[in-house]
Structure formats: structure tokens, C-alpha cells
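To keep things clear, I will list the structure first and then write my remarks on it.
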Amino acid sequence: MSLKIRLSRGGAKKHPFYRIVVADSRKPRDGRYIERLGTYNPMVAKDHAERLVLKEERVKYWLGVGAQPSDRVARFLSGVGMVDKPTIHDQTKQHLPRTKTLERIQDAEDKAKKVAEEAEAAAAAPAEEAPAEEAAAAEEAPAKETAAAEEAPAEETAVAEEAPAKEAAAAEEAPAEEAAAAEEAPAEVKEEKEAS
């Protein structure tokens, strides 16, 4: 008879609770077992004391008799230091991406490479042309500044001459408008009094 140290599920729906048991490998998962060696409760915190409870002397006994732990129980026991850490076996093809997924990944990598190459080419081209453009801009800048400096004083003097003239004209028009408004107002008042 081949013996296994494995998990036997208990608990309610969506609230699992496992017993760590020694059982005949031919028996059902939750069926009859030989001895109960501990419990595993995945619903509590990882650092909680009741998450994994083992009877270490009995586990050592059954390992000495030849019982083989399942992968999950072997991981628990390696955490306690009773056995070596088990090797994780890769699945044959299920852990690999499908062919269409591989094609999409390859297309995405190709697009990323093209964008990177274009960015490098764009960065390299302006760097070579930049010194020539800066020299041309440096030659044009003094010419523009001198032309602007010559135009600025002429504009300022023209504006300065126009400002007093406009102020004087506005000053002359204001009293004339006030006088006309003053003459019209009494005439309107007189007409209203006569009408009543």
C-alpha cells in the first residue's frame, strides 16, 4: 500500500478548511484516512498561528515509514524545515502562451523597435543641423535688433507729438458740448411747463 501525506478538504462553500492526513493513495481526496497530522486554514492571515498546525513527531514518523507528501504538503513541510523544498514542475504546454498571443507580442515588439529607431534618427538629424541653424540665427539677430532700434525712436516721437494735440482738441470740445447741453436742458424744461 502506497501512503500519501495530503490535504483533505472540509469547511463550507467558499470557506475552505483542510486537514493534513495520511491516507492510502487509492482512496478519494475527502475519503477515509489513516491518521490526522494537522490542519491548514487558508482563510486566516499568513502570520496567524492557526493557519498551519502540524503534529511534527507524527509527520516525522510517517515520513520515516515511507509516506510521500503531496506537492502542497511538501511546501508546508519545507517551510517548517522537515523536508527539502520541492521542485516546481512546469506543465507541458499549458504554461506557454498560445500562437496568436505570441504573434501579438512579436508585433508589439516590432512596433516599439520602429518607434525607437525613428526617435533616434530624429534626435540625430537635428543635432547635426543645429550648429548651422544657430550660426544663421546669430547673423540675423543683430540686423533685426538694429532695424528695430532705428524704428523705435521715430515711433515714440510721433506718439509723443500726437498725444498733446489730442488732449488739447478734447479739452476744447468738452466745454462746447457742456454748454450746448446746458442750453438745451432749460429749453426742454420750459416746454414741459407750458404744455401742462
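The opening residue of the sequence shown carries number 1060 in my numbering; numbering runs sequentially from there. Backbone N, C-alpha and C fix where the C-beta goes; we use that ideal spot for every residue, glycine too. Quantities reported herein were computed from a predicted structural model and do not represent experimental measurements.
Can you give me the C-alpha to C-alpha distance between residue i and residue j, rounded to a whole angstrom?
i: V1142; j: L1136; result: 6 Å
i: K1072; j: A1104; result: 19 Å
i: G1070; j: K1152; result: 33 Å
i: A1133; j: H1074; result: 23 Å
i: H1107; j: L1113; result: 14 Å
i: R1095; j: E1168; result: 53 Å
i: A1182; j: A1175; result: 11 Å
i: V1081; j: R1131; result: 14 Å
i: M1102; j: S1129; result: 21 Å
i: I1147; j: V1118; result: 22 Å
i: H1154; j: L1122; result: 31 Å
i: Q1150; j: K1170; result: 31 Å
i: L1161; j: D1083; result: 43 Å
i: P1145; j: A1184; result: 56 Å
i: I1164; j: R1157; result: 11 Å
i: G1090; j: K1159; result: 43 Å
i: K1173; j: E1115; result: 60 Å
i: N1100; j: Q1127; result: 22 Å
Start and end of the alpha helix (DSSP H) containing residue i?
i: L1136; result: 1130–1139
i: V1118; result: 1115–1124
Who pairs with residue i in a beta bridge, going by DSSP?
i: E1109; result: DSSP lists no partner for E1109.
i: Q1041; result: Any property of residue 1041 remains undetermined from this structure, which presents the chain solely from 1060 to 1255.
i: Q1127; result: K1063
In terms of residue numbering, what span does the beta strand (DSSP E) encompassing residue i cover?
i: A1098; result: According to the sequence as given, residue 1098 is Thr; it is not Ala. Looking at the DSSP string, the run of the beta strand (DSSP E) that includes T1098 is 1094–1099.
i: L1066; result: 1062–1071
i: V1081; result: 1074–1083
Measure how close the beta-carbons of residue i and residue j come, nearest whole angstrom, since I'm counting them as under 8 Å.
i: T1098; j: Y1077; result: 7 Å
i: G1125; j: L1062; result: 7 Å
i: S1067; j: R1088; result: 6 Å
i: I1079; j: I1093; result: Contact flag wrong, Cβ pair sits at about 12 Å.
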